[in-house]
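In my numbering, the protein residues as written are 387 to 617. We put the CB at the ideal spot given by N, CA and C, even for glycine. Bear in mind the structure is a predicted one, so any value in this text is a computation, not a measurement.
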């Protein structure tokens with residue numbers, strides 16, 4: 387579940403890039419909207435865990451299709467306030483989809499601790515990547531093509547895992563995903579910092595997807611390696 391495949395492998399900075407004031411405003415609005423977007427995610431995850439609505443394969447398929455439709459709506463409405471509303475609706479759906487993994491983790495004796503650890507780890511990675519993207523003078527746009535290739539590998543491996551059910555493959559996918567989405571945080575934040583992305587709604591969507599994918603892959607690994615079964 388990621389729109390990163392729709393991105394160009396890299397971006398080019400030129401003399402026509404937005405002013406520093408514009409770039410700072412876009413970055414500030416992106417961070418505010420990113421923080422706001424976590425609220426519907428938490429609400430959707432809570433409702434999904436309590437109701438078990440996402441456990442049904444049919445409902446899950448509807449949620450997947452709805453998420454793609456909402457992403458299309460976000461891009462179509464990115465220049466209007468309605469785009470914010472659609473984005474928040476999308477993050478609610480993502481919370482519902484995340485509830486299956488959360489339910490699995492909460493069945494473990496140390497499930498709540500693992501969720502908090504995954505959340506803290508995700509926050510730490512985001513803070514580190516955002517700081518580097520903001521203060522570093524190095525241009526990380528060249529990472530785009532490699533990160534794009536990594537996304538292709540994840541998607542292909544994910545499709546293979548639908549037919550080849552092995553824990554080793556799932557673990558390998560999650561490890562690769564953690565590195566790829568951590569790199570995408572750096573890439574996407576610097577796009578905003580350097581003026582490669584000037585729309586705070588689509589910027590928020592990109593970074594949000596990096597965060598949610600990192601969180602769920604990190605939580606999956608923690609649940610497998612550190613989870614304690616209830617007696």
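Identify which residue in the options has its Cα closest to the Cα of residue i.
i: residue 432; options: 463, 548 and 484; result: 484
i: residue 478; options: 430, 604, 597 and 510; result: 430
i: residue 569; options: 548, 536 and 578; result: 536
i: residue 409; options: 577, 607, 615 and 610; result: 577
i: residue 446; options: 480, 417 and 545; result: 480
i: residue 544; options: 475, 561 and 531; result: 561
i: residue 579; options: 548, 551, 563 and 517; result: 517
i: residue 457; options: 476, 514, 471 and 550; result: 476
i: residue 611; options: 598, 556 and 597; result: 556
i: residue 564; options: 510, 426 and 550; result: 510
i: residue 602; options: 460, 502 and 520; result: 502
i: residue 406; options: 421, 528 and 520; result: 520
Could you check how far apart the C-beta atoms of residue i and residue j are, in whole angstroms? I think they sit under 8 Å.
i: residue 605; j: residue 491; result: 6 Å
i: residue 608; j: residue 487; result: Contact doesn't hold; Cβ gap of about 11 Å is too wide.
i: residue 574; j: residue 593; result: 5 Å
i: residue 553; j: residue 473; result: With 8 Å as the limit, residue 553 and residue 473 do not qualify as a contact, their Cβ atoms being about 35 Å apart.
i: residue 482; j: residue 440; result: 5 Å
i: residue 526; j: residue 597; result: With a Cβ gap of about 18 Å, residue 526 and residue 597 do not count as contacting.
i: residue 419; j: residue 470; result: 7 Å
Can residue i and residue j be called in contact, C-beta distance under 7 Å?
i: residue 566; j: residue 533; result: yes
i: residue 572; j: residue 515; result: yes
i: residue 415; j: residue 496; result: no
i: residue 404; j: residue 581; result: yes
i: residue 489; j: residue 435; result: yes
*asked:* For the pair the region 533-542 and the region 505-519, tell me if three or more CB-CB distances fall below 8 Å.
replied: no
*Can at least three beta-carbon pairs, one atom from the region 455-466 and one from the region 582-592, be found at a separation below 8 Å?*
Yes, since at least three Cβ pairs between the region 455-466 and the region 582-592 fall closer than 8 Å, the two stretches touch.
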